[in-house]
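Quick notes on the structure that follows.
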Amino acid sequence: MAHWPEATTILKLIEAADTIMIHRHVRPDPDALGSQLGLKRMLEVAYPEKRIYVVGGIVRDLEFLGKMEHVEPDMYKEALVIVLDTANHERIDGPHALSGKTVVKIDHHPDEDAYAAHQIVDTTVSSTSEMVAELAGMWGLALDEASAFLLFAGIVGDTGRFQFRNATPRTFEIAAALIKYGIDTNRLYRQMYKTNLATLQLQGYVLQNVNVTEAGVGYVKIDADVLRTFHATPEAASLLVNSFSGLEGLKCWVMFVENKEEIRVRIRSKGPVINDVAKRYRGGGHPMAAGATIDKWEEMDEVIAALDEVAAPFTFETEES
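The numbers in our numbering rise by one with no breaks, and the one at position 98 of the sequence shown is 294.
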């Protein structure tokens, strides 16, 4: 079990609060939503007398996980705010999150912005959903089928169905414990990974237009014209970032997706540390998975060149036969 001394203080804050606002980052992924909605469910079961709200926008493809709630600014005055899975305060979804009486941060990203009065940050954990499940045990709070389903979804999302190296022995132990609550994993996988014809055709475009540098950096450009051609949203396109991850010789890869007045940069790696590159372009994240933003297509070559620099010296310790 993890050793988080601040967990005791945070539990006391939860017990003392009448109103709790739970936030997470913009453009939420399964871990952001799973940890947020899973924590809400867990606290509602333990403290039915408290007013607990989940705040932020939602991705249409993930609405099956749950809905967000409308809150007014004056509701934050005496509220405890818990922000999940959000490294930087600029990425918090909701303009009033930092106006709460007390702000708590629970996250597994590198700690680069200590925006909360109390925080638990642990980069060795696969996901914030795993952290919330761990906290349930530390706090002596019961889970049920609904909360277990949400937390399992978050773990599945951030570990790539347990394929990524961030899935530790403890991750599998917690996942196994969550499954024992009777969650329907078939329903989860069916809903989380379903796709429509337009997205499938866009995936075909991605696979046909992958470029790879001599250093082993793969990249794909998806501009507004491509999105229109395939009737796809930037969100749907961004979810295809791992479509070509199995390409032989690939060390790291990046997908550029145009979104209104900016270009999203999704970066993934099999070994080279790439979050330092993301930081140069208004982004950040994990050593093997990061995101950034650029303003014009001319910057795309700069990002690729920066990734070449970190990829070139990297060699895989073992080659597959």
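No residue lacks a Cβ here, since even glycine has one placed at the ideal position from N, Cα and C.
Out of the options, which one is the CA nearest neighbour of residue i?
i: D281; options: I218, D419, M496, D214; result: I218
i: M264; options: L276, A228, E444; result: A228
i: L233; options: Y477, A329, R464, V416; result: A329
i: V238; options: D318, L346, E308, R464; result: The sequence shown places Met at residue 238, rather than the Val named in the question. Closest by alpha carbon: L346.
i: H311; options: S322, V299, S465, E202; result: Per the sequence presented here, residue 311 reads as Tyr, with His not at that position. Here the closest residue by C-alpha is V299.
i: V413; options: I302, I500, H304, T319; result: I500
i: H199; options: R361, A213, S465, I316; result: I316
i: R220; options: L503, A283, A242; result: A283
i: V453; options: G481, N471, A411, L398; result: L398
i: H305; options: D214, L294, D472; result: D472
i: L423; options: L396, L443, G442, W449; result: L396
i: K301; options: A507, A212, S231; result: S231
i: L374; options: R386, Y389, G350; result: G350
i: K582; options: V469, R476, R460, D504; result: Nothing can be reported for residue 582: it is not among the residues displayed for the chain, which extend from 197 to 517.
i: S441; options: D340, F510, V416, N392; result: V416
i: P185; options: G487, A203, E494, A508; result: This structure cannot settle anything about residue 185, because the visible part of the chain is limited to 197 through 517.
i: V241; options: I278, A293, E341, S322; result: E341
i: G290; options: R383, K273, H266; result: H266
i: T355; options: G333, G400, S325, I379; result: S325
i: L384; options: I254, L258, P201; result: L258
i: T409; options: L261, A508, K466; result: A508
i: V277; options: N407, S295, G262; result: S295
i: G445; options: M197, R476, M327, E513; result: E513
i: A411; options: Y389, A502, A428, L235; result: A502
i: E494; options: P226, V469, D419; result: D419
i: G400; options: I216, L436, P201, E308; result: L436
i: S323; options: R386, A338, D303, G333; result: D303
i: P468; options: N455, K447, I254; result: K447
i: K475; options: T204, V402, E308; result: E308
i: T206; options: R366, V279, L339; result: Checking the sequence shown, residue 206 turns out to be Ile, not Thr. Checked all of R366, V279, L339; the closest Cα to I206 is V279.
i: Q387; options: A371, K466, P226; result: P226
i: R366; options: F510, L261, T320; result: T320
i: K273; options: L261, V506, A293; result: A293
i: I210; options: R256, P430, A394, A332; result: A332
i: A389; options: A372, P430, I379, N438; result: Note that residue 389 corresponds to Tyr in the displayed sequence, not to Ala. That would be N438, whose Cα lies nearest to the Cα of Y389.
i: H285; options: R478, E505, A213; result: R478
i: I254; options: K297, E431, V406, N392; result: E431
i: K208; options: R256, H314, D270; result: H314
i: A275; options: D214, A428, S343; result: D214
In three-state DSSP terms, what is residue i?
i: F368; result: helix
i: I470; result: coil
i: Q359; result: coil
i: S517; result: Bear in mind that the predicted position of S517 carries a pLDDT of just 39, short of 50, making it too unreliable to give a figure here.
i: D491; result: coil
i: L294; result: helix
i: T204; result: helix
i: G336; result: coil
i: I500; result: helix
i: A507; result: helix
i: A198; result: coil
i: G479; result: coil
i: A486; result: strand
i: S323; result: coil
i: D309; result: coil
i: F512; result: coil
i: I210; result: helix
Have a look at the DSSP bridge pairing and note the partners of residue i.
i: N455; result: E458
i: S465; result: C448
i: T215; result: R247
i: D303; result: V317
i: I288; result: H221
Quick check on residue i - is its C-beta less than 7 angstroms from some C-beta in chain C?
i: I370; result: Of the protein chains in the structure, only one exists, and it is not chain C.
Shorter than 6 angstroms, the distance from the beta carbon of residue i to the closest heavy atom of the ligand MG, or not?
i: F368; result: As presented, the structure is devoid of all ligands, the ligand MG included, so that no description of it is given.
Residue ranges of each beta strand (DSSP E) within the segment 371 to 446, 3 or longer: Counting whole runs of 3 or more residues, the segment 371 to 446 contains the beta strand (DSSP E) stretches 413 to 418.
Minimum length 3: unbroken beta strand (DSSP E) runs contained in the segment 249 to 284: The segment 249 to 284 contains these whole beta strand (DSSP E) runs: 276 to 280.
Does the segment 244 to 252 come within contact of the segment 350 to 368, defined as at least 3 CB pairs closer than 8 angstroms? Segment contact: the segment 244 to 252 against the segment 350 to 368, fewer than three CB-CB distances shorter than 8 angstroms; contact not assigned.
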